[in-house]
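Before any comments, here is the structure.
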Amino acid sequence: TPKPTTPAPITSPPVAITFHENFTHEEDNTANNKNQETETPTEELISPANPREQDKKSNDTVDSDVPKSVLLNLIASCNSILAIFGLILNSIIVFYYKNNRTNLPSVLYFRNGLCDIISSIGFLLQVPSVVFILNKGTPIRLPFLSYLITTVSVRMSVFMNCVLGVVRCINILDPFYRVNRKIVTLSTAVYLVVWTAIATLDVWLYST
2 TPKPTTPAPI TSPPVAITFH ENFTHEEDNT ANNKNQETET PTEELISPAN
52 PREQDKKSND TVDSDVPKSV LLNLIASCNS ILAIFGLILN SIIVFYYKNN
102 RTNLPSVLYF RNGLCDIISS IGFLLQVPSV VFILNKGTPI RLPFLSYLIT
152 TVSVRMSVFM NCVLGVVRCI NILDPFYRVN RKIVTLSTAV YLVVWTAIAT
202 LDVWLYST
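Residue numbers for the sequence shown follow this note's numbering, so the first one is 2 and each next one is one higher.
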């Protein structure tokens, strides 16, 4: 006769063990996620993929690749070429209108040519300033003088062109009306004094 078999007892520890293991595993994952979230900003700041750091590195490489002496020589050469051309061409304009100042527009062309000649001289003064800087010497007052001359002369040239445009418009609208030369000369003198004072004050504040 076969012996009666007793059913195996049902035990619950494996379920508890697996639950405990899953719980501890989830706690470890949450801890790791918190650490990753806290460490992410520092990694972004230190990471070389940051665009600010890349810009700084690129600027450093550009500064190291291109010496300042090369840039100064290039700027001085371009200024010299443009200033010489401007000096020659504006001298021709001044000599032409010197004996042909019959009306107000010709007078304004003559004055505009003088302003451009003075500004060309101011740009030419930048060349010895660059030479002094490259030789590590004191450029005395040449940069300030060049700045003063170019600032005032360029402003006066712009003013002459504006007055010339206004006079041309008046002549087109009313051909028989004659603009008073004394008023134009007075306004030109006032504008010259104002910009000379502004440029002189600017140089004085920078030097002190």
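Every residue, glycine too, gets a C-beta built ideally from N, C-alpha and C.
(Q) Let's test the definition: count the other Cβ atoms within 10 Å of the Cβ of tyrosine 178 and tell me whether it reaches 16, buried, or not, exposed. (A) Result: exposed.
Q: Check each candidate in Phe133, Thr151, Val164 and Ala198 and name the one with the smallest Cα separation from serine 107.
A: Of the listed residues, the one whose Cα sits closest to serine 107 is Val164.
Q: Compute the distance between the beta-carbons of leucine 126 and leucine 143, then report whether it is under 8 Å.
A: Cβ distance < 8 Å, so leucine 126 and leucine 143 count as in contact.
Q) If you compare alpha carbons, which of Ile150, Arg112, Leu193 and Ile82 is closest to isoleucine 94? A) Ranking Ile150, Arg112, Leu193 and Ile82 by CA distance to the CA of isoleucine 94 puts Arg112 first.
Q | Proximity of methionine 157 and tyrosine 110 at Cβ, strictly below 8 Å | A | The Cβ atoms of methionine 157 and tyrosine 110 lie no closer than 8 Å to each other.
Q.
If you measure between the beta carbons of valine 180 and isoleucine 173, is that distance less than 8 Å?
A. Using a Cβ distance threshold of 8 Å, valine 180 and isoleucine 173 do not count as a contacting pair.
Q) What are the boundary residues of the alpha helix (DSSP H) that proline 144 is part of? A) First-last of the alpha helix (DSSP H) with proline 144: 143-174.
Q | Same chain, Cβ closer than 6 Å to threonine 25, five either side skipped, listed in chain order | A | Note that threonine 25 scores 49 on pLDDT, short of 50, meaning its location in the model is unreliable; the coordinates nonetheless yield the value given after this. Setting aside the 5 residues that flank it on each side, threonine 25 has no residue in the same chain whose C-beta is closer than 6 Å to its C-beta.
Q | Environment of aspartate 117 [buried if 16+ CB atoms lie within 10 Å] | A | Here aspartate 117 is buried. Its C-beta has 16 or more other C-beta atoms within 10 Å.
(Q) On the DSSP letters alone, give me the boundaries of the alpha helix (DSSP H) that leucine 193 sits inside. (A) Where leucine 193 is concerned, the enclosing alpha helix (DSSP H) stretches over 182-208.
Q.
Please list the terminal residues of the continuous alpha helix (DSSP H) segment that includes leucine 125.
A. Segment 105-125, the alpha helix (DSSP H) holding leucine 125.
Q: Work out the CA separation of aspartate 175 and leucine 202 for me, nearest whole Å.
A: Between leucine 202 and aspartate 175, the C-alpha separation is close to 42 Å.
Q) Going by the CB atoms, is the gap between isoleucine 119 and serine 154 shorter than 8 Å? A) Cβ distance < 8 Å, so serine 154 and isoleucine 119 count as in contact.
Q. Would you report the Cα separation of valine 131 and threonine 152, rounded to the nearest angstrom?
A. One C-alpha to the other measures close to 19 Å.
Q.
Taking 6 Å as the limit between beta carbons, can you name the residues of its chain near threonine 197, skipping five residues before and five after?
A. Taken in chain order, the residues that qualify are Val153.
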